[in-house]
Amino acid sequence: DTGVSQDPRHKITKRGQNVTFRCDPISEHNRLYWYRQTLGQGPEFLTYFQNEAQLEKSRLLSDRFSAERPKGSFSTLEIQRTEQGDSAMYLCASSLTYGRGQGTQSSTDTQYFGPGTRLTVL
Amino acid sequence: AQSVTQPDIHITVSEGASLELRCNYSYGATPYLFWYVQSPGQGLQLLLKYFSGDTLVQGIKGFEAEFKRSQSSFNLRKPSVHWSDAAEYFCAVGWYSSASKIIFGSGTRLSIRP
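Line order of the protein sequences matches chains A and B. Quick note, the numbering used here runs 838 ahead of the 1-based positions in the first sequence. Quick note, the numbering used here runs 6 ahead of the 1-based positions in the second sequence.
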């Protein structure tokens, strides 16, 4: 399977604990995105990387959240001191683009999504 | 402000009937548009996309969508639905003048009546 993969698929944790999710993008995709989706809503953008550089972070990404993509391949999203409001589906997507930074788009910059990680904070 | 509206929260159609799901966006800059489908507990699968050119685009599973700039709309259609089409459908819009993130609508849940 050469699609986007995410691990784990489900995570149950107690309030105050730290959790880390992993995303493996489609091979050779240079952009990687994180979204959060709550019940009954569409995905909300959190952050994205082009290669190893984190180019944009949403205001939704509080200081308890951190994302990395150290070698420009897989990415991790860590949530520290989890709260019940963090319960959601965390989606990862990847794309291949020839541009860099804001306002740049190519016809192949289509985002392909992984299956998501469902987080439940008790 | 940039926004995407899917006015129908839930739609039920009979199997074999035609389907149209509505999507409208705000903001005047040139958009690029997507429709995704999500089955329960799963990620999003791309149905179709529009970047430029012919405003009627064909996608997978027999879906098509038409971009109407004058109405700021990108409605999804299918001439005859199948029971397997029951899912959540999301419209997403990006703008060439802004960052690479795309904004999703809140989704339309499609149920199929046997």
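A virtual CB, placed ideally from N, CA and C, is assigned to each residue, including glycine.
Round the Cβ separation of residue i and residue j to the nearest angstrom and send it over; I've been treating them as touching at under 8 Å.
| i | j | result |
| --- | --- | --- |
| B/Leu42 | B/Tyr56 | Rather than Leu, the amino acid found at residue 42 of chain B in this sequence is Tyr. Not confirmed; about 13 Å, so no contact. |
| A/Gln922 | A/Arg853 | 6 Å |
| A/Gly880 | B/Phe96 | 5 Å |
By DSSP, does residue i sit in helix, in strand, or in coil?
| i | result |
| --- | --- |
| B/Arg75 | helix |
| A/Ser911 | coil |
| B/Ser58 | coil |
| B/Gln12 | coil |
| A/Asp954 | It is worth fixing the name first, because residue 954 of chain A is Gly in this sequence and not Asp. Residue state, collapsed to three classes: coil. |
| B/Gln64 | strand |
| A/Gln855 | coil |
| B/Ser90 | helix |
| A/Gln922 | helix |
| A/Ser944 | Annotation note: pLDDT 48 at A/Ser944 (below 50); position unreliable, coordinate value reported separately. Coil at A/Ser944, not helix or strand. |
| A/Ser865 | coil |
Starting from residue i and walking both ways along the beta strand (DSSP E), at which residues does that stretch end?
| i | result |
| --- | --- |
| B/Pro37 | Pro37 to Gln44 |
| B/Arg28 | Counting along the chain, B/Arg28 falls outside any beta strand (DSSP E), and DSSP gives it neither H nor E. |
| B/Val99 | Ala93 to Trp101 |
| A/Glu897 | The sequence given here has Arg at residue 897 of chain A, not Glu. From DSSP, A/Arg897 is part of no beta strand (DSSP E); its letter is neither H nor E. |
| A/Asp845 | Ser843 to Asp845 |
| A/Gly877 | In the sequence on display, residue 877 of chain A carries Leu and not Gly. A/Leu877 -> no beta strand (DSSP E), and no H or E assigned at all. |
| B/Arg119 | Thr114 to Arg119 |
With a CB to CB cut of under 6 Å and the five nearest residues on each side skipped, what residues in its chain are close to residue i?
| i | result |
| --- | --- |
| B/Glu94 | Gln44, Gly113 and Arg115 |
| A/Thr914 | Thr858, Arg860 and Glu906 |
| B/Val19 | Leu25 and Val87 |
| B/Gly22 | Ser86 |
| B/Pro46 | none |
Starting from the C-beta of residue i, find all residues in its chain whose C-beta is less than 8 Å away, skip the five residues before and the five after it, and write them out in chain order.
| i | result |
| --- | --- |
| A/Thr958 | His848, Lys849, Ile850, Thr851 and Ser925 |
| B/Gln8 | Tyr31, Ser32, Tyr33, Val99, Trp101, Ser104 and Ile109 |
For residue i, which residues of its own chain have a beta-carbon under 7 Å away from its beta-carbon, when the five flanking residues on both sides are left out?
| i | result |
| --- | --- |
| A/Gly954 | Gln844, Met927, Tyr928 and Leu929 |
| B/Asn5 | Any question about residue 5 of chain B goes unanswered here, given that chain B covers just 7 to 120. |
| A/Pro908 | Glu890 |
| B/Ile118 | Val19, Glu21, Val87, Trp89, Asp91 and Ala92 |
Name the chain C residues whose beta carbon is nearer than 9 Å to that of residue i?
| i | result |
| --- | --- |
| A/Leu929 | Structure shown: chain C not included; protein chains present are A and B. |
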